[in-house]
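Participant:
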Amino acid sequence: MLSSATALPELSDPRVSALWSHARSLVGARLGDIADGLGLPVPVGNTRTKGWSGQIIERELGGTEETTHGPDFAALGIELKTVPVDRLLRPVESTAVCVIDPISIAAESWSTSHVRKKLARVLWVALKVPGRGPGFSVGDREVAGAALWTPCASEESLLASDFEMFVHEYFRKGRAAEITGHLGQVLQVRPKAANNRDSRRAFNNQGESVRVGKSGFYLRPAFVGAILRASL
DNA sequence: GATTGATCATAC
DNA sequence: GTATGATCAATC
0 MLSSATALPE LSDPRVSALW SHARSLVGAR LGDIADGLGL PVPVGNTRTK GWSGQIIERE
60 LGGTEETTHG PDFAALGIEL KTVPVDRLLR PVESTAVCVI DPISIAAESW STSHVRKKLA
120 RVLWVALKVP GRGPGFSVGD REVAGAALWT PCASEESLLA SDFEMFVHEY FRKGRAAEIT
180 GHLGQVLQVR PKAANNRDSR RAFNNQGESV RVGKSGFYLR PAFVGAILRA SL
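Heads up: the first sequence begins at 0 in numbering that gives the first Met the number 0, then just goes up one per residue.
#1: Mapping the DSSP letters down to three states, classify Pro13 as helix, strand or coil.
#2: Could you tell me which residues DSSP pairs with Tyr169 in its beta bridges?
#3: Quick check: what's the CA-CA separation for Lys191 versus Ala175?
#4: Note the first and the last residue of the continuous beta strand (DSSP E) segment covering Trp109.
#5: Taking Phe170 as the reference, give the member of Asp197, Cys151 and Gly206 with the closest Cα.
#6: Quick one: is Val82 buried, meaning 16 or more other Cβ sit within 10 Å of its Cβ, or exposed?
#7: Give me the Cα-Cα distance between Asn194 and Gln54, rounded to the nearest whole angstrom.
#8: Take Glu59 as the anchor and find which of Gly134, Arg200, Ala146 and Leu18 has the nearest alpha-carbon.
#9: With distances taken between CB atoms, is the gap from Arg23 to Gly224 smaller than 8 Å?
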């Protein structure tokens, strides 16, 4: 089991280097071709495709024995994130990190947070998107690069600052309902739910039990873009 | 055109 | 329903 006191596996761990090599070998490949190699169908027509890109890369890198969910490559402490980018490696979407429990997060600090653990080591796989909407297929997205990232001191400082702001100013004050996507320099709190009636238990500023929209942490596109440009 | 709030797909 | 993977689309 991983705990906050457990160090990340060494980068020299054979399993880490194998995963890294595998990811690098995908650069230039079309998602459609990767899916074909896995024997998986490529969505066609007006079929919705949310999540498909990430699933394909996860299954490709996970190998044939991958059967369970949970933290990506948990044994290696690695979180896999695919991110759609334009031709200049600029993310065209924000990156979801994890959902938030409005009650338990009030007791967290950055150093002990679930978010920090999730972001401690991320394998970014950038996917070049030729276009979206009718006329474009997710199968035509191409792996533009892969980066194994651990936040540097300045990046962690930005993340910690935003995190503590959300916790101190909002969650601990029972003001979770007042949070909007405008807050946070690099980390946002935005809805992350099936729909806007999907809620979670919380407390208001009177200490009364209320429900607030289910939300999660997201990384802003500019922040992820800087990571990719520095790594690819 | 970029951003925020809303929503979708799949597996358990 | 919950969790994990994200993208859609109305609004700024």
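A virtual CB, placed ideally from N, CA and C, is assigned to each residue, including glycine.
All values reported here derive from a predicted model rather than from experimental measurement.
Facilitator: So, from the listed chains and residues:
#1: As a first step, residue 13 is located in the first sequence; it is residue number 14 there, counting from the start. Pro13: helix per DSSP, three-state reduction.
#2: Within the first sequence, the letter at position 170 stands for residue 169. BP columns for Tyr169 are empty, so no partner.
#3: Here residue 191 is taken as the residue at index 192 of the first sequence, counted from 1. Here residue 175 is taken as the residue at index 176 of the first sequence, counted from 1. Approximately 14 Å, taken between the alpha carbons.
#4: Numbered from its first residue, the first sequence carries residue 109 at position 110. That residue, Trp109, is in no beta strand (DSSP E); it is neither H nor E in DSSP.
#5: The residue given as residue 170 occupies position 171 in the first sequence. The shortest Cα separation from Phe170 among Asp197, Cys151 and Gly206 belongs to Gly206.
#6: Here residue 82 is taken as the residue at index 83 of the first sequence, counted from 1. The residue in question, Val82, is buried, as its Cβ has 16 or more Cβ neighbours within 10 Å.
#7: Locating residue 194 in the first sequence gives position 195, counting from the first residue. Locating residue 54 in the first sequence gives position 55, counting from the first residue. Going from the Cα of Asn194 to the Cα of Gln54 covers about 22 Å.
#8: Working through the first sequence from its first residue, we reach residue 59 at position 60. Ranking the options by Cα distance to Glu59, first place goes to Leu18.
#9: As a first step, residue 23 must be located in the first sequence, where it is residue number 24. As a first step, residue 224 must be located in the first sequence, where it is residue number 225. No, these two residues do not count as a Cβ contact at 8 Å.
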